[in-house]
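Trainee: One structure, as structure tokens, below. Some questions next.
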Amino acid sequence: MPPNASPDLATSFLEQPLDNPLMNAAGVWCTLAAQLDALVESSAGALVTKSCTLSRRDGNAEPRYRALPLGSINSMGLPNEGYAYYLDYAACHDYERKPLFVSVSGLSLDDNLTIVAALREAVLPAFLELNLSCPNVEGKPQPGYDFEAMDQFLAEVATAYRRPFGVKLPPYFDFVHFDTAAEILNRYDNLAFITCINSIGNGLVIDTDSESTVIRPKDGFGGLGGDYVLPTALANVNAFYRRCPGKTIIGCGGVQTGAHVFQHLLAGATLVQVGTALHEEGPSIFDRLQHELRELMAKKGYSRIEEFRGRLKTL
Ligand code: SIN
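No gaps in the numbering here: position 87 of the sequence shown is 87 in UniProt numbering, and each next residue is one more.
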């Protein structure tokens, strides 16, 4: 790289160019149009809407999110405006400016098929991210943890949607689960991308002083984000990058610094989502992360992301 030249963060996702690989994680800063507009105005390379259901939902009782010294716990329960709201937003979005993902988390297969059909019929350049991993709706287990259900789910959605789409997975913790999940995902040619990971579901944070849980829903059980999840997120990104060579990986989990973005890219991610840290710092975080990533790349002599993306060394 010529001296004083700044590293280039430009990248592409399914042939769409992006200024940089950063975006929000679904659920953070993306429930209302004004929040989505703030992401459009920010330096994020792309944005994703809140996971939507058929109808508007208030979500779980408050308090349902708590920031912690090492991250966060949440049990939001899919508060969202209903899929029609996000489809309207997607219809007005300027796709020349940056890509928009629509996250869908219907409460049943039928709900998902209704939403997916509406998205297909809208013929928009938005990317569908199908959320198979929300841990926070009582009585609705995560489809990503039931491989038979996940396969059936994907067979129906892949056939109904026909266009390229992606899935947001829960974290897996055993090689046999990486193998089985990857084998299922690889059955579907139009499943083009995989987002790893959603929160680590059903953690329990206890406050010693009050001897109490810190969030109200589900007796305090909720999804963990932030520092708690970074190694698990990197493991899942790399596990699916190795096992699904025909698919694009989006990294999500524990990103708070430019070095964390670098680690996700090294593990094989093409885009990198920011959740807890965006919640705490707001959309200006994308400026800081890019600055830190550029500085790190310059120090290492990298001028472009493709020079190191996926090139994780092992001992
Ligand atoms: C929520 O709304 O409960 C979070 C969504 C998710 O974890 O997928």
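Each residue gets a CB set at the ideal place from its N, CA and C atoms; glycine is no exception.
1. Does DSSP put residue 323 in a helix, a strand or coil?
2. Quick check on this structure: which residue in Glu-138, Leu-54, Gly-71 has the alpha carbon closest to the alpha carbon of Pro-217?
3. Express the C-alpha separation of Pro-17 and Ser-51 in angstroms, rounding to a whole number.
4. Going by Cα to Cα distance, which pick from Glu-15, Asp-209, Arg-294, Thr-270 is closest to Gly-310?
5. Hey, would you say Met-23 sits closer than 7 Å to Gln-273, going by beta carbons?
6. Spatial neighbours of Cys-252 within its chain, please: CB distance less than 7 Å, with the 5 preceding and 5 following residues excluded, ordered by chain position.
7. Could you check if Ser-199 belongs to the surroundings of ligand 1, using beta carbon to heavy atom distance under 6 Å?
8. Evaluate the contact criterion for the segment 28-38 versus the segment 275-293: three or more CB pairs, one atom per stretch, below 8 Å.
9. If you reduce the DSSP assignment to three classes, tell me which class Gln-16 lands in.
10. Exposed or buried, His-93, counting other C-beta atoms within 10 Å across all chains shown (16 or more means buried)?
11. Could you check the C-alpha separation between Pro-79 and Ile-215 for me, to the nearest Å?
12. My assumption, with CB atoms under 8 Å, is that Asn-20 sits in contact with Gln-290. Please give the rounded CB distance.
13. Could you spell out where the alpha helix (DSSP H) holding Leu-265 opens and where it closes?
14. Exposed or buried, what is Ala-158 when buried is set at 16 or more other beta-carbons lying within 10 Å of its beta-carbon?
15. For the candidate residues Ala-259, Ser-284, Gly-268, Leu-312, whose alpha-carbon lies nearest to that of Ala-298?
16. Which whole-angstrom value is the C-beta distance of Ala-155 and Val-116, which I expect to be below 8 Å?
17. Out of Leu-100, Ser-43, Ser-72, which one is the CA nearest neighbour of Tyr-228?
18. Can you tell me whether Asp-37 is helix, strand or coil according to DSSP?
19. Evaluate contact between the segment 202-213 and the segment 183-191, counting only Cβ atoms and requiring at least three cross-stretch pairs below 8 Å.
20. Is the segment 37-48 touching the segment 172-187 in the sense that three or more CB pairs, one from each, lie closer than 8 Å?
21. Along the chain, where does the alpha helix (DSSP H) that runs through Val-176 open and close?
22. Of the choices Phe-286, Ala-91, Gly-201, whose alpha-carbon is the least far from that of Leu-100?
23. Let me confirm a value: Glu-307 is counted as buried when at least 16 other C-beta atoms fall within 10 Å, else exposed. Which label applies?
24. Return yes when the Cβ of Asn-74 is within less than 7 Å of the Cβ of Arg-222, no when it is not.
25. So, is Ser-81 buried or exposed, given that buried needs 16 or more other C-beta atoms within 10 angstroms?
26. Check whether the Cβ of Ser-51 lies closer than 6 Å to any heavy atom of ligand 1, and answer yes or no.
27. Do you know offhand how far Ile-200's Cα is from Gly-225's?
28. From which residue to which residue does the beta strand (DSSP E) around Asn-202 run?
29. Assuming Pro-135 contacts Asn-236 (C-beta within less than 8 Å), just tell me the rounded distance between them.
30. What I want to know is whether the C-beta of Met-150 ends up closer than 6 Å to one or more non-hydrogen atoms of ligand 1.
31. In chain order, what residues of the same chain lie with their CB nearer than 7 Å to the CB of Pro-125, ignoring the 5 residues before and after it?
32. Grab the span of the alpha helix (DSSP H) containing Phe-153 for me, first residue to last.
Mentor: Reading from the atomic positions:
1. Here the chain has residues from 1 to 315 only, and residue 323 is not among them.
2. It is Glu-138.
3. Between the C-alpha atoms of Ser-51 and Pro-17 there is a straight-line separation of about 24 Å.
4. If we check each option's Cα against that of Gly-310, Thr-270 comes out closest.
5. Yes, they are a contact pair.
6. Answer for Cys-252: Ala-25, Thr-195, Cys-196, Ile-197, Ala-233, Gln-273, Gly-275, listed in chain order.
7. Using a cutoff of 6 Å, the CB of Ser-199 counts as near ligand 1, since one of the ligand's heavy atoms is closer than that.
8. These segments touch.
9. Three-state DSSP puts Gln-16 in a strand.
10. With a threshold of 16 other beta carbon atoms within 10 Å, His-93 meets it and is buried.
11. Pro-79 and Ile-215 have their C-alpha atoms some 16 Å from each other.
12. Right, their Cβ atoms sit about 6 Å apart.
13. That run of the alpha helix (DSSP H) goes 258-267.
14. The residue is buried, with at least 16 neighbouring Cβ atoms inside 10 Å.
15. Out of Ala-259, Ser-284, Gly-268, Leu-312, Ala-259 has the C-alpha closest to the C-alpha of Ala-298.
16. Your pair Ala-155 and Val-116 does not check out as a contact, with CB atoms roughly 13 Å apart and the cut at 8 Å.
17. Nearest of Leu-100, Ser-43, Ser-72 to Tyr-228, Cα basis: Ser-72.
18. In the structure shown, Asp-37 sits in a helix (DSSP, three-state: H, G or I).
19. Flag = no, the segment 202-213 and the segment 183-191 do not touch.
20. No, they do not touch.
21. Where Val-176 is concerned, the enclosing alpha helix (DSSP H) stretches over 175-185.
22. Nearest C-alpha to Leu-100: Ala-91.
23. Exposed: under 16 other Cβ atoms inside 10 Å.
24. The sequence shown places Gly at residue 222, rather than the Arg named in the question. It is a contact, given that the beta carbons lie within the stated cut-off.
25. Looking at the sequence shown, residue 81 is not Ser but Glu. That one is buried.
26. Taking 6 Å as the cut-off, the C-beta of Ser-51 counts as close to a heavy atom of ligand 1.
27. In this structure, the CA atom of Ile-200 is about 7 Å from the CA atom of Gly-225.
28. 200-204 is the span of the beta strand (DSSP E), which, as asked, contains Asn-202.
29. About 15 Å separates the Cβ atoms of Pro-135 and Asn-236, ruling out a contact at the 8 Å cut-off.
30. Flag unset: Cβ of Met-150 not near ligand 1.
31. The answer, listed in chain order, is Tyr-95.
32. Unbroken alpha helix (DSSP H) run through Phe-153: 147-161.
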